[in-house]
Structure formats: structure tokens, C-alpha cells
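Protein sequences, first through last, are from chains A and B.
Numbering of the first sequence is given in my numbering, commencing with residue 656 and proceeding in unit increments.
Numbering of the second sequence is given in my numbering, commencing with residue 656 and proceeding in unit increments.
There are 2 protein chains.
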Amino acid sequence: MDVNIFTPLFKARSVALVGASNDPRKWGRRMLNNLINGGYPGEIYPVNPGEDRILGLTSYPSVSAIPGTPDLAVIVVPPANVVQIVRECVAKGVRAGVVITAGFAELGEKGAQMQHEMVTAARSGGMVLVGPNCNGFMSPWEKLYVQFPSFFTPAGPIAVAAQSGNVMDALARQAMLRGIGCSVTVASGNEADLHIEDYLTYLADDPHTEVVLSYIEGFKDGRRFFDTARQVTRKKPIVMIKAGSTHSGAGAAASHTASIAGSDAVFEAACRQSGIIRAGSMTEMLDIGYALLRQPLPQGRRVGIVTAGGGWGVMAADAAEKMGFDVIRLPEETIKELDRLLPAWWNRGNPVDLVAGSTPGNIFKAMEVMLNCPVVDAVIMLSIMPALRVTGFGVSREEAASENRSAMLVQAVVDAVEHFTRLAVQYRKPVIIATEHMFASAEQEAKINHALGLKRLMCCHMPHEAAAVLKALLSYGEYLRR
Amino acid sequence: MDVNIFTPLFKARSVALVGASNDPRKWGRRMLNNLINGGYPGEIYPVNPGEDRILGLTSYPSVSAIPGTPDLAVIVVPPANVVQIVRECVAKGVRAGVVITAGFAELGEKGAQMQHEMVTAARSGGMVLVGPNCNGFMSPWEKLYVQFPSFFTPAGPIAVAAQSGNVMDALARQAMLRGIGCSVTVASGNEADLHIEDYLTYLADDPHTEVVLSYIEGFKDGRRFFDTARQVTRKKPIVMIKAGSTHSGAGAAASHTASIAGSDAVFEAACRQSGIIRAGSMTEMLDIGYALLRQPLPQGRRVGIVTAGGGWGVMAADAAEKMGFDVIRLPEETIKELDRLLPAWWNRGNPVDLVAGSTPGNIFKAMEVMLNCPVVDAVIMLSIMPALRVTGFGVSREEAASENRSAMLVQAVVDAVEHFTRLAVQYRKPVIIATEHMFASAEQEAKINHALGLKRLMCCHMPHEAAAVLKALLSYGEYLRR
């Protein structure tokens, strides 16, 4: 497949919005507004025979009336008109289209027939199509936001290729809140022309993309998908949710994107053979994706746990063992080294309980001891609190709420997570953190997550989430070593 | 058990802090600071022979030097001094103590002996003890915050009784961020005197407590615990995490709170027989706890799903089926009624996909149709977005970021969730919502969650989380009907 076919799509220099509207209730209005508000620097051509101007732009009565040839046509007209619009686009020389409109194969035979005509028309002119029945895409490096929701995820390393627009939107929004940003996000809809694996092919060589998150309900061509995935995962990781794994879910998938969900056992085996990392939820998928940006892959299943809270350590040990990790017994040598760093009453076991009296400096050194331990492949760190280089927690309520102190605390968390992450890179063993930000207001916490993301850092929230991230890193590492 | 023994503890009219300090590195300083900052209206007596004044308060050289008798003594002195302090408290007539200090039974034989002496001394004078090796407690209705972290969860309906201070703190902090608030939170530590089941006995009749969240690693007396739980769950729900369910976790629990974790299968059976709701994580526990505040319990396993995003519907259907729910086929009658409310191209299946074109008014009516459907016991609602009564999503970036619009959006979410929750109460069938707040910044989202909590409302984040909440409500309902 020639990946240049994606250039007029994700790097379009000009966009026609067919079905643009002045009516605030219409999707064509919202999409145009988003295209403008996203800061797109290229030419935008609204098309609507009933309007002269829309949102300050000249509106054209038809695609053929547009001066010059737009790279991309975004189509938001009623389903019965779509085939004709695609034909006009082909006649004009437009090379890429996004069909937002629903009402095709997902509704049955008649819709499938229309969908077939639409694709035939497009292919006859070398025009590629996203959709139909989709939510569009984001190409943040180009400031090109073809979408319903009014948020604008900044440019970054995470790609999303999803068979659901709302899943794509949720992932993109979280990537924005976490300060990470996206390279490309795309919702494939009914996949009349471009299939999910086509996007993967593009993303494999997209220099901005470092991790691919993918939500799948089923395949038009399973063999082609996994052949593609096998190529991609040698270059960069794919983290995937496979939905429709139950009878109820499969039925819902059929009505949603006309997908045949297939057997989950077969899917699981195919994922293992092609290096795909499976995630159980969107939260887990995001955590895994962020961790992959900077964390090394573990070389084995032996895990050390360092915790500032006994209960958190117990929950992490439970989760790690259930996921197949070996929560190792610390060698005598390691215990002796930790004895020099931790208060006399530390528990001398794994999890290492950072009892009261541990200083940040010694905690970082203790982490080095753990990472240096020959029977430890990875470390779970629970609570970032005791590693923060801040003083005076015993301050007044007013001082605690001050802007200065707030900024200092955000910085202290970023510094501590950065420190642990550098140690992870240095020792080539992952350090996955799970933490409550005990001192932080909701607003501070949002700032912390955003500030971490800007440095490609991450913390999980709960102990079992850290274990799940580690499991994902392990399975990807095992695949690559095979 | 006479629950009046808890009055000098959770409703103390005066508190001695033994081991109070001017040294900002000491816990005794931080705890005193928190006690003051929390707004405690009773008398506070710092005790430290080396200080005259601490944080503006008169410091006393010993417990016996305090004028009058404090209800409660909080003890933060080195372990070797604790027994002597308890003896002084008993001599003084103090009736409740919290021993923060660690270094007792969790460290082995010698510590266990000290712990035994401490309890013997306390019991000889009718003094009850929390701890040792604990993080204290919050009694927000009394503005009594005996704790390390510097946040102050407001008064509310959620009680926390945990065998881990850090778990208690995390739950209390989330209850604060979510605007819900707590009645009492307590970390039981080594349970030398008061056991986790003693707190449950108190909470069962505490008028402020509506839901009990409990984190357990093991029992001193399992039979007594479950006998107590059976009494409590007839009055109010207990949501529990049992940690230490694996070999690694059990080992960690032993070193953390000297607990014997026991078999998880036995525990599971005992929970079923005593009506305890088990949660898999702290996030799940909180979601379940909040849902119990206003949602009715489902009468059966037949679930309807209403979704504004196809992919979310598929994931919810998967999760619901895996948890034993029946994602029912909609009766013809119900489909006909929905035909009158939804756009012509709706999918006519379960999940009901709220395709573009649905209005908030019709969505609420569609929810009534679902709740009125005789084969539906509960509804999962995915995405609150299309039910929001707001206009003009196609606004400029500046307007979207304005204070007014922000407040309007927060209110719109609260109104919509309130509407669904009232329908749930009216039809006596739960409606559990999972949603991304697509339009919201991180700051707005924090405000939304807080505003929802003030009205005892909740949304889950992810589809599988909504299914897990429903499962918890179902199992509690099934128990109560037995």
C-alpha cells in the first residue's frame, strides 16, 4: 500500500466541508466551527447551495464551484446525497474524503448498496474515503481538526485508530488533559474504503507517532489486519481494546459498525502472535500508552514493590501475582543495602514499606538498590508523596492554598517522577508509579497530570493499574525478544 | 458491645496530643497542625516535656499535668514510651486513645509483648484504643481531624473503616474531591484493642453514616467479624476490599498489620452470607458507595443500555454479560414506543444507540420507556452529553472558555444526572451513568464531580465501571431479598 494516499487526508492543504451550515443545530455548523477554531492554516471551502457566507467564509453552491481543487472533502449531507457528492469530488480531482454521514451498511441491505456505489465512485477516481458513519479525525501537527467535539488535543506522540468515534474522542480528550497530545486520531466508521489496518500501515511510518492506541469491534479482513499488525509492532507498539467479545457485545457491534466480532479466543491468539498489547479498558489503554513513551520493557516477571502505604503494597502484591508476576523475596545483600538507607524499623521484605522517617534522598537511593538487585526485573512504586522535595507540610490552610505553594508542589511531583523515570532508563528496568496526590486539590491534581504529560511522564492512580501497565510492558517485551 | 465507648473517641470534647512538637519534621507537629487547621472546636492539649508552647497553644509536660481530663489522647511518642503514656492516661481518667506509633506486633515477638502490656493497661481503666501503627481518624461532623494528611474531608454520609491508613486517606480524599463527604473515617492499625468489626458496630447505628467502605487484610476473629457484618448489612450497606488474597499479598499483609489473610474462597462465601458487597479496587468501591446513596437496587439481572456512542455501548454490553447480566432483547412494544421518540435511523436494538438528532427531552422520555419496560431491571446510560440542555456548542474558543459558560455547563450536567436519578427512584430501577465530559476542561470536570457529589449524584467514567456498580447493587439487593 502506498502511504502517500494519506497525504491529502491527514496533511490536507485545503478542505471542502460539504454540508456546512449556518444553523447551530446542524453538525455541518459544528464541524466548520471546529475546523476554524482548531487553527487550521489551510484554505477552507464551505459548500452549501443555500448560503452565501458561513461563519465568515465564502460558501460555494457545489464542489464543482470551488476555485481550485481541495485536497480533502468532508461530507456531512443526508445519506441519499452522498454518492452524488463523491462523484462530484472525483470529477473535481479531490483525492480524499471523510464521510461523516450515517445510514449505510449499518442499516441493512439498501444502505450497503449505497455504500458500495459510493466506494466504486471514489475508487474510480483514486479518491480514498474515511467512513461512512464516523466522527472524522484529528491531525494536530497540521492543526486539522475534522470533528464534532470542541476540544483540540495538541500535537504529540499518541495515535488513535478506532472503530468508534466516541472512543476516539474519549482517548483524544484524555491525551489532552494529560498533556501528552496526539499525532493522528481517526474513527474508521463502516470502513467502506479504508480499513483499520490501512491506518496502522500509515501510522507505522508516521514520524510523529510513537504509540498506537486502537479500538476494534471486528474486521473486514482479519488476515490482512494481523499481517499488517505484525509489521507495525516491530516498529512501534499497538495497544488495543477488542470489544464485542461477548454475545451481547457482538450483537451491539454488528448494529454499530456492521462488524463481525468473531471469537475472542482466536483474537487473543492472533494478538499474541502479532505483538499486539491488549488493554481491558480505556483508562488502562492510556496508562499503558503513556508508560511506553519512556519506560523500558521488563526482561522478566520478577517484581519489586516499594510503597509508602502498607495497604497499597498489599493490593499491588495481590494484583501482580494474579497477573503472573513473581513478587520476589529480597536477597540478603539487597536487604543489607536497604538497611543502610531506611529507618531501623523497616519491614525487610517485598513490598518494601517506606515507613515514617524515610527521606526523599534515601528513597531514590533505595530505588537504585532495588533496580540494581539481580532478581528484580521491574519495580512498582506506590505513592509519590514521600519522594517529594518539599518542606513544611505543617503550614496554615491559607498558605497551603497559595499559588506559590501550589506551583511548588506540582513541580515537586514532576521532579520526583522524572527522577524515578531516569533511574528506570538508566537501569533498563521499568518503574511504574501509582499514587494519590494526597496534598492536592482537584485543580492541582489536574495541573500535575498535565505537567507530567508535557515531560512524557505518567503516574497510575491505583495499585492494580500499575500492575496492569507492567503486565502490558512485559508481554510486549516478551514478543519482541522472541 | 456498648457503643457509648466510642463517644470520647469520635465525639471527643477535648484532645491531648502526646508527642506534639515544634519541629516541622515531626509527625507530632503535623498532626497538631491538622487538628488546629481542621477547625476543631474543643480544647486541645499538646503534651511535650521540652516545650512551653506549640503552634500558639500551651504545652504540658505530661498527661497528668493537663488541667481537667481530656476525652481523648492521641499518642505519637516512640514505641518504648507508649505503655507508660497509656498508664498515665488511665490514671488521669482518659477514656479513649489513638496510638499512631508503630513498632509493635507487626515487628515480631518483642513488639507483640509491648502491645499486650499497652492493651492490658488501657483495659484496666476502661480506656479504648485505636491502633497502634495507624494513621488516626476523621470525624468531620465534629471537625475532629486526627490525621497526617493536610486535607479536610467535609461532613457527609460515607464512613470508612480500613486496615490501612493510606487506603483510608485515599478514600477520604476522593470523597472530598467528589463533594460527598464522610461521617467517620478510621484506620484500625494493629487492632490491639478495637477491631475492625467494632467500628462497624458503631457505624451501624451512627445516624450520619449511610454507606460503609471497608478495607480488610485479615481478621483477629473472623467469626465475630462476620456476625457483626450480618447485623450491619441489614441496616446499611458495607462495600469491602479484601486484600491479601494471593500468596504475595498475604505475605505483605502479615508484615503490614500482623494480619492472617486466610483463604479468599472462604472469605468470598462468608461475604455472600453476610451481605457484604465486594469491590475490586478503590475506584470501584467509591463508585459503588456513591451509587448506593440514591440509586434503588435492581430486582433482577435484565439490563437495558442507552448509549450516545456505539463503541461505548459495545463495551458496556461486553462488561454486563461478563458480570452475569442479561442484555435483553427489547420487546416489540418498547421498540414501537422508542420509534416515536428517536430519529428514524435509530438501531432498534439493545444497546439503544442515541444517534445524532436525539433531543434531551426525547432522551429523558426514552429513558422512561426503558424503565417502564417490564423485562428491564436496570439501565446503563452512556454519555451524559446528548441529555444536556445547553445550546451553541458551535461557539468561539473564547466564549467556550468563559466563566459563565463554564458554570452553565456544570449546572447542565448536574440537572441531567439529577433528572435520570429521579426517574430511577420513580421507577425503582437503577440508572447508572458512565461518561466522558467531552466539552469540559480538567478544571470544569473537577467542578462537575464536586457539584454532583453535593447532590449525592454520581457518574462513572468508563462503561465497564457502570456495569461493576450495577453488579454490586444487584448482589446487595439479592441478599436483602433472601
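Backbone N, C-alpha and C define an ideal beta-carbon position, used for all residues, glycine too.
- Pairwise C-beta distances place the region 944-964 of chain B in contact with the region 1082-1091 of chain B, as three or more of them are shorter than 8 Å.
- Among the CB atoms of chain B, none fall inside 7 Å of the CB of N845 of chain A.
- With fewer than 16 neighbouring CB atoms inside 10 Å of its own CB, A720 of chain B falls in the exposed class.
- Using a Cβ distance threshold of 7 Å, T962 of chain A and D1008 of chain A count as a contacting pair.
- Contact with chain A is found for D973 of chain B, since one of that chain's Cβ atoms lies less than 7 Å from the residue's Cβ.
- Secondary structure at Y700 of chain A: strand, using DSSP grouped into helix, strand and coil.
- Under a criterion of Cβ atoms nearer than 7 Å, no residue of chain B is adjacent to E992 of chain A; the nearest Cβ is some 19 Å distant.
- Using a Cβ distance threshold of 7 Å, S936 of chain A and R885 of chain A do not count as a contacting pair.
- By the Cβ-count criterion, V921 of chain B is exposed, with fewer than 16 other Cβ atoms from all chains shown falling within 10 Å of its own Cβ.
- Judged by their CB atoms, S669 of chain B and P716 of chain B are not nearer to each other than the 7 Å cut-off.
- Within chain A, the residues placing a beta-carbon under 8 Å from that of Y870 of chain B are G966, ordered along the chain.
- Going by C-alpha positions, L849 of chain A is about 30 Å away from H1092 of chain B.
- Under a criterion of Cβ atoms nearer than 7 Å, the residues of chain A adjacent to N1002 of chain B are, in order, S910.
- Using a CB distance below 9 Å, the part of the region 802-822 of chain A facing chain B consists of F803, P804, S805, F806, F807, A817, Q818, S819, G820, N821, V822, ordered along the chain.
- At a beta-carbon threshold of 7 Å, the residues of chain B lying near P1006 of chain A are A907, ordered along the chain.
- Rounded to the nearest angstrom, the gap between the Cα atoms of S794 of chain A and Y1131 of chain A is 27 Å.
- Contact between N790 of chain A and G820 of chain A is confirmed by a C-beta separation of about 3 Å, below the 8 Å threshold.
- Boundaries of the beta strand (DSSP E) harbouring V815 of chain B: 810-817, taken from the DSSP string.
- Within 10 angstroms of the beta-carbon of H902 of chain A lie fewer than 16 other beta-carbons, which makes it exposed.
- Boundaries of the beta strand (DSSP E) around C837 of chain A: 837-842.
- Ranked by Cα distance from F1094 of chain B, the options A:H911, A:F803, A:L997, A:M769 are led by A:F803.
- Chain order gives no chain B residues near G1108 of chain A, where near means a beta carbon separation below 7 Å; the closest approach is about 11 Å.
- Closer than 7 Å at the C-beta level to chain A, one finds no residue of the region 782-803 of chain B.
- In this structure, the straight-line span from the alpha carbon of W682 of chain A to that of S1013 of chain B is close to 13 Å.
- Against chain A, the CB of E865 of chain B has no partner CB under 7 Å away; the residue lies outside that interface.
- With respect to chain A, the C-beta atom of T901 of chain B has a partner C-beta closer than 7 Å.
- The alpha-carbon of G966 of chain A is positioned some 44 Å away from that of D882 of chain A.
- It is roughly 53 Å from the alpha-carbon of W1000 of chain A to the alpha-carbon of A1071 of chain B.
- Scanning A:G964, A:P663, A:L826, A:V1068 for the CA closest to the CA of V753 of chain A turns up A:P663.
- Distance from the CA atom of A925 of chain B to the CA atom of H863 of chain B, rounded to whole angstroms, is 27 Å.
- Within chain B, the C-beta atoms nearer than 9 Å to that of V982 of chain A come from T901, H902, S903, G904, G906, A907, in chain order.
- For a cut-off of 8 Å, the C-beta gap from K798 of chain A to P696 of chain A is around 6 Å, short enough to register as a contact.
- DSSP links C1115 of chain A through a beta bridge to A:A1089.
- Exposure of S779 of chain A is indicated by the presence of fewer than 16 other C-beta atoms within 10 angstroms of its C-beta.
- The contact set of K977 of chain A on chain B, defined by CB atoms closer than 7 Å, consists of T901 in chain order.
- The C-alpha of L996 of chain A is placed about 7 Å away from the C-alpha of K1020 of chain A.
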